[in-house]
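FYI, the numbering for the sequence shown is 0 to 119, going by numbering that gives the first Met the number 0.
A virtual CB, placed ideally from N, CA and C, is assigned to each residue, including glycine.
Read the structure below first, then the notes.
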Amino acid sequence: MDAIRRGIAKDSQRHRVHLDAQGPVTQNFSSESKPHREYGPCLREMKDMLILLRSVSTLSPRGVQLPNCDKKGFYKKKQCRPAKGRKRGLCWCVDKYGLPLPGHDPSGKPDVHCDSVESQ
0 MDAIRRGIAK DSQRHRVHLD AQGPVTQNFS SESKPHREYG PCLREMKDML ILLRSVSTLS
60 PRGVQLPNCD KKGFYKKKQC RPAKGRKRGL CWCVDKYGLP LPGHDPSGKP DVHCDSVESQ
């Protein structure tokens with residue numbers, strides 16, 4: 000989430016360019032004028048979900064599941080559904096593109112360990 004905020008802040012930065020006789024000129028170097036940094040599929044999904052949540056007038060937490068992303072925007076090996084009350088959410092193992100690994104489906108269990116699982 001912090002990576003998203005930093006990216007947006009950098010995109011909206013304004014820079015001043017000083018010209019000799021004409022005085023300061025302000026140019027906006029927004030995301031339209033420079034190449035957009037490509038993020039992984041997990042971060043793109045999270046951004047889409049956050050945009051959707053901003054546009055919805057009523058929030059139903061049952062339908063909200065934010066993915067667990069690494070720093071490069073790809074999926075972390077362990078993904079979990081939200082907890083319900085005192086009951087922990089169910090977890091499963093995925094590859095870096097978010098596809099469930101063989102033997103690990105989203106109906107998983109709360110205490111899945113994905114560190115020892117090799118992604119294909």
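According to the Cβ coordinates, are residue i and residue j closer than 8 Å?
i   : j   : result
E72 : Y96 : According to the sequence provided, residue 72 is Gly. The question's Glu does not apply to it. Contact: no.
S76 : C90 : A small correction: the amino acid at residue 76 is Lys; Ser does not occupy that position in the sequence shown. Their beta carbons are not under 8 Å apart, which means K76 does not touch C90 by this criterion.
M45 : C79 : no
Along the alpha helix (DSSP H) that carries residue i, what are the first and last residues, could you check?
i   : result
C41 : 40-54
Tell me which residue opens and which closes the beta strand (DSSP E) that residue i is part of.
i   : result
N77 : Position check: residue 77 holds Lys in this sequence, whereas Asn was assumed. Looking at the DSSP string, the run of the beta strand (DSSP E) that includes K77 is 77-79.
C68 : Where C68 is concerned, there is no enclosing beta strand (DSSP E), given that its DSSP letter is neither H nor E.
C90 : 90-92
Please report how far the alpha carbon of residue i lies from the alpha carbon of residue j, in whole angstroms.
i   : j    : result
S54 : P101 : 36 Å
V63 : L49  : 10 Å
P81 : G88  : 5 Å
T57 : S115 : 40 Å
L65 : R85  : 19 Å
With DSSP run on the structure shown, which of helix, strand or coil describes residue i?
i    : result
P101 : coil
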